[in-house]
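In my numbering, the protein residues as written are 1 to 354.
Remarks on the structure that follows.
Spelled out as structure tokens, the structure:
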């Protein structure tokens, strides 16, 4: 049996750390020895003088290497919050979608059982008389928003909308529904004159006063789109539009800095929520070095963007700590016109679809 010892003393250099095998031991010798024999480690190997010289030379060369733009000490770390207001309305239908929905309504009228008004209106009541008057105006079609189409007639198969027809236009459908909602019969069962009819309450328009005035500071504009808060730093030709941004100290995380900077920039009168603690985008500004590359003229920036939502309130720049002079709520298309090209290029992939 051969005993092998593999012990590396701490004093040995890296080049001398090897395992050495002992000489074979016979059974007789093994019985006479109280403990197994271990190999004596070799003496430390001295480091050649040439190695020391080479190491010294390499270290000296590294100390004289010019500064590069990739040095992490040449950058400042910043955190920025992309605060957005989600859409308040559904988007407008495309012409194809409107035509498709109208086709589905007409197909449904063809496949359903005939409408029985006796189930909903008691005979000869005001509601029954009002329904019969409006049913006659629609040529016997119970549905109110499918146009002049008879699902039980000989041309029921022709249920598609022709190109250029306004039957499926949302504005036309809305006006038909509003006109049908007006009561034309009094409680006594007598027809009401047009001037005696009570108009129904119309829905609010999709475009608000802020849209008409092009007020980009209000949150009730572009209600079917996502709006993003941008602030203006500086004045005159040196002014820059950006998202609320600030330096990250050593005792704060990115999301903590983003929340603090938002309060310092746009005030505390907003109910906001930071979606997560992980950045969704980043932007790098290269440092400016001297001509020989030995010193840094201006440090670069690495900006990490986090995502947030506003649920109530409004931005207020009064007394802000970052020298901000203006703010806007803009769509992603409008952002492209005010943000710097490289700045927008870094974050363009994280915007919502609408």
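Even for Gly, the Cβ is constructed at its ideal location relative to N, Cα and C.
In the DSSP annotation of this structure, residue 202 is not part of any alpha helix (DSSP H), being labelled neither H nor E. Nearest to residue 189 by C-alpha distance, out of 78, 349 and 130, is 130. Here residue 270 has 310 and 313 as same chain residues with Cβ atoms under 6 Å from its own Cβ, once five neighbours each way along the sequence are excluded.
Residue environment analysis places residue 308 among the buried positions, since at least 16 neighbouring C-beta atoms fall within 10 angstroms of its C-beta. Partner residues in the beta bridge of residue 242, as assigned by DSSP, are 231. The residues 231, 265, 266, 267, 324, 325, 326 and 327, in chain order, have a CB closer than 8 Å to that of residue 317 in the same chain once the five nearest residues on each side in sequence are set aside. Taking the C-beta atoms as reference points, residue 122 is found no nearer than 8 Å to residue 144. A Cβ-Cβ distance of about 11 Å is found for the pair residue 346 and residue 243, leaving them out of contact under the 8 Å criterion. DSSP places residue 173 inside the alpha helix (DSSP H), whose first and last residues are 170 to 181. In the displayed model, residue 325 falls within a strand according to three-state DSSP.
Sequence-distant partners of residue 106 (beyond 5 residues in either direction) whose C-beta falls short of 6 Å from its own C-beta, in its chain, are 146, 149 and 159. In the assembly as shown, residue 212 is an exposed residue. Its beta-carbon has fewer than 16 other beta-carbons within 10 Å. Taking C-beta separations shorter than 6 Å and ignoring five residues to either side along the sequence, the partners of residue 173 in its chain run 145, following chain order. Of the other Cβ atoms in all chains shown, 16 or more fall within 10 Å of the Cβ of residue 283; this residue is therefore buried. Residue environment analysis places residue 91 among the exposed positions, since fewer than 16 neighbouring C-beta atoms fall within 10 angstroms of its C-beta. Nearest neighbour of residue 302 by Cα position, chosen from 245, 277 and 348, turns out to be 245. In the DSSP annotation of this structure, the continuous segment of the alpha helix (DSSP H) that includes residue 102 starts and ends at 95 to 111. Taking a contact as a CB-CB distance under 8 Å, the pair residue 126 and residue 185 counts as one, their CB atoms being some 5 Å apart. DSSP places residue 144 outside both helix and strand once states are collapsed to three, so it counts as coil. In the DSSP annotation of this structure, the continuous segment of the alpha helix (DSSP H) that includes residue 131 starts and ends at 126 to 137. Beta-bridge analysis with DSSP links residue 247 to 78. Residue environment: residue 204 is assigned as exposed (fewer than 16 neighbouring CB atoms within 10 Å of its CB, all protein chains considered).
DSSP, read as helix, strand or coil, puts residue 349 in helix. From the listed residues 191, 306 and 119, the smallest Cα separation to residue 279 is found for 306.
By the C-beta density criterion, residue 111 is exposed, having fewer than 16 other C-beta atoms within 10 angstroms. DSSP lists 79 and 282 as the bridge partner or partners of residue 304. DSSP lists 296 as the beta-bridge partner residues of residue 289.
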